[in-house]
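S.K.: Sharing a structure here in structure tokens format.
There are 2 protein chains.
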Amino acid sequence: MDVGSIIKRLEAGGHKLTPKRRAIVEILLAEGRHLSAKEILQALQGKFPRVSFDTVYRNLHLLEEMKLICALEMQDGGCRYQINLRDDHHHHWVCLGCGQTLEVPECPLPVLKKAAGAVKFKIISHRFEVYGYCEGCQ
Amino acid sequence: MDVGSIIKRLEAGGHKLTPKRRAIVEILLAEGRHLSAKEILQALQGKFPRVSFDTVYRNLHLLEEMKLICALEMQDGGCRYQINLRDDHHHHWVCLGCGQTLEVPECPLPVLKKAAGAVKFKIISHRFEVYGYCEGCQ
DNA sequence: TATAAGAATAAGAATCATTCCGATTTAAGG
DNA sequence: CCTTAAATCGGAATGATTCTTATTCTTATA
Ligand SMILES: [Mn+2]
Ligand SMILES: [Mn+2]
Ligand SMILES: [Zn+2]
Ligand SMILES: [Zn+2]
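Protein sequence lines correspond, in order, to chains A and B. At position 87 of the first sequence the residue is numbered 87 (my numbering), and the sequence of numbers has no breaks. Quick note: to get my numbering, add 1000 to the position in the second sequence (first position is 1).
In structure tokens:
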């Protein structure tokens, strides 16, 4: 993922390319790890001292909708965001030490659905995250 | 699960049996479905008009630690609580309509760990919930 | 280049679940 | 009954996220 292809996909979706929007993407690309909304705001304030939380969240929601970033729900309920390296639906192992993530090879839902068998339940959404420490942080 | 066996386990754990603690257990048993902290507080205020949120959360956390209740994390980030019908670790299908829950037969984690194979990652915790509509609510 | 329309933003208030605090009360054992 | 740690109260504080209104950009089109 690079700035160019992300911008291309934003434009294809009919969204404006504003300086703050571009900067948020650049910050996420430059950092490589998952960042909280607050961290993104602080990084953004380097270039734009008057930027607001509202702008950060609005853009994060947009980028998430377009599947350009992954939103990771943390143990404490907060969210962290990172550039999406894949196009398909997937989950993460999240390192609580360094913030690195590993991607879970397969979503466990299909297997469970098969196991549930007869159970009639219309699935709307699901969440699955694993928290711990990567090799380097143990 | 009945009040008696829950009280027995609280006492075995060295915890006092206070009127509010007992009432919270009774409310969860009587309702059968998962309740938010606010709903529990409101029900509790029927008997104890001056009870506080602090008391509700303190007791819910205690009951959860003792595995007497399950805390379900909802889509919106809030939590709901219900009497734990099983002693082992498990997850839930949560009906967004009626609040009913179905228990997932198996935790997907062991299978994933095997699939991950060589990955060295010290797991601290994980979350897995499925949201949707049960047969009656579809 | 000028204009218009809609998208995006700023600033700060509001929300809402949850936690924290210091003062007071209470359950349970001896 | 006494003692003491545990539990509670009342309300303030927290912190992430959302909302509101006025204002400013972007982009397309004339
Ligand atoms: Mn990912
Ligand atoms: Mn359960
Ligand atoms: Zn999945
Ligand atoms: Zn599990």
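Backbone N, C-alpha and C fix where the C-beta goes; we use that ideal spot for every residue, glycine too.
#1: Mind checking A:LEU85: buried by the 16 CB within 10 Å criterion, or exposed?
#2: Taking only the alpha-carbon atoms, compute the straight-line gap between B:LYS1113 and A:LEU72 and give it to the nearest angstrom.
#3: What would DSSP say about A:THR101, mapped onto helix, strand or coil?
#4: Less than 7 Å between C-beta atoms, sequence neighbours within five positions excluded: which residues of the same chain meet that for A:GLN100?
#5: In the structure shown, what three-state DSSP assignment does A:GLN42 receive?
#6: Any beta carbon of chain B sitting closer than 9 Å to that of A:ILE69?
#7: Mind pulling the chain B residues with CB within less than 9 Å of A:ARG127?
#8: Determine the closest residue to B:CYS1098 out of B:LEU1035, B:GLN1042, B:GLU1064, B:HIS1089, with distance taken between C-alpha atoms.
#9: Got a list of residues with beta-carbon closer than 7 Å to any non-hydrogen atom of ligand 2, in chain order?
#10: Using the rule of at least 16 other Cβ atoms within 10 Å of the residue's Cβ for burial, across every protein chain shown, is B:GLN1045 buried or exposed?
#11: Where do the ends of the beta strand (DSSP E) carrying A:ARG80 lie?
#12: Which bits of chain A does B:PHE1053 rub up against, with CB to CB less than 7 Å?
#13: Is it the case that the region 1057-1068 of chain B contacts the region 1102-1111 of chain B, given that we only count it when at least three CB pairs across the two stretches are under 8 Å?
#14: What does the alpha-carbon distance come out to for the pair B:GLY1013 and A:VAL25?
#15: On the DSSP letters alone, give me the boundaries of the alpha helix (DSSP H) that B:VAL1025 sits inside.
#16: Give me the residue from B:GLU1031, B:ARG1022, B:GLN1075 with the minimum Cα distance to B:THR1055.
#17: Whole angstroms is fine: what's the gap from A:LYS47's alpha carbon to B:GLY1078's?
#18: For the putative contact between A:PHE53 and A:ALA30, defined by C-beta atoms under 8 Å, what is the C-beta separation to the nearest angstrom?
#19: Mind checking A:ILE6: buried by the 16 CB within 10 Å criterion, or exposed?
#20: Closest Cβ-Cβ distance between A:PRO142 and chain B: below 9 Å?
#21: Specify the secondary structure class of A:LYS67 as computed by DSSP and reduced to three states.
#22: Going by C-alpha to C-alpha distance, which of B:ASN1059, B:GLU1011, B:VAL1051 sits closest to B:LEU1028?
M.R.: Straight from the coordinates:
#1: Taking the first residue of the first sequence as 1, we reach residue 85 of chain A at position 85. Classification of A:LEU85: exposed, given that the 10 Å Cβ count is below 16.
#2: What you label residue 1113 of chain B is simply residue 113 of the second sequence in a count that begins at 1. What you label residue 72 of chain A is simply residue 72 of the first sequence in a count that begins at 1. One C-alpha to the other measures close to 20 Å.
#3: Working through the first sequence from its first residue, we reach residue 101 of chain A at position 101. Three-state result, A:THR101: strand.
#4: Numbered from 1 along the first sequence, position 100 holds the residue referred to as residue 100 of chain A. Same-chain partners within the cutoff: ARG33, CYS134.
#5: Position 42 of the first sequence, counted from the start, is the residue given in the question as residue 42 of chain A. It is helical.
#6: Locating residue 69 of chain A in the first sequence gives position 69, counting from the first residue. By this cut-off, A:ILE69 is not an interface position.
#7: As a first step, residue 127 of chain A is located in the first sequence; it is residue number 127 there, counting from the start. Within chain B, the residues near A:ARG127 are GLU1073, GLN1075, ARG1127, PHE1128, GLU1129, VAL1130, TYR1131.
#8: If you number the second sequence from 1, residue 1098 of chain B lands on position 98. Of the candidates B:LEU1035, B:GLN1042, B:GLU1064, B:HIS1089, the one whose C-alpha sits nearest the C-alpha of B:CYS1098 is B:LEU1035.
#9: B:CYS1070, B:GLN1082, B:ASN1084, B:LEU1085, B:ARG1086, B:HIS1090, B:HIS1092, B:THR1101, B:GLU1103
#10: Taking the second sequence and counting its residues from 1, the one referred to as residue 1045 of chain B is at position 45. Exposed: under 16 other Cβ atoms inside 10 Å.
#11: As a working note, residue 80 of chain A is residue 80 in the first sequence. Residues 79-83.
#12: Position 53 of the second sequence, counted from the start, is the residue given in the question as residue 1053 of chain B. In chain order: nothing, as chain A lies at least about 17 Å away.
#13: no
#14: Taking the first residue of the second sequence as position 1, residue 1013 of chain B is located at position 13. Taking the first residue of the first sequence as position 1, residue 25 of chain A is located at position 25. For B:GLY1013 and A:VAL25, the distance between alpha carbons rounds to 51 Å.
#15: Your numbering for residue 1025 of chain B matches position 25 in the second sequence. Taken as a continuous stretch (DSSP letters only), the alpha helix (DSSP H) holding B:VAL1025 covers 1019-1031.
#16: If you number the second sequence from 1, residue 1055 of chain B lands on position 55. Selected option, being the one with the closest Cα: B:ARG1022.
#17: Indexing the first sequence from 1 puts residue 47 of chain A at position 47. Indexing the second sequence from 1 puts residue 1078 of chain B at position 78. The alpha-carbon atoms of A:LYS47 and B:GLY1078 are separated by roughly 35 Å.
#18: As a working mapping, residue 53 of chain A is identified with position 53 in the first sequence. As a working mapping, residue 30 of chain A is identified with position 30 in the first sequence. Going by Cβ atoms, the distance from A:PHE53 to A:ALA30 rounds to 20 Å, so no, they are not a contact pair.
#19: Sequence index remark: in the first sequence, residue 6 of chain A carries index 6 (1-based). Classification of A:ILE6: buried, given that the 10 Å Cβ count is 16 or more.
#20: The structure shown does not extend to residue 142 of chain A, since chain A spans only 1 to 138, so no value can be given for it.
#21: Position 67 of the first sequence, counted from the start, is the residue given in the question as residue 67 of chain A. It is coil, neither helix nor strand.
#22: To locate residue 1028 of chain B, count along the second sequence from 1; it is residue 28. The shortest C-alpha separation from B:LEU1028 is found at B:ASN1059.
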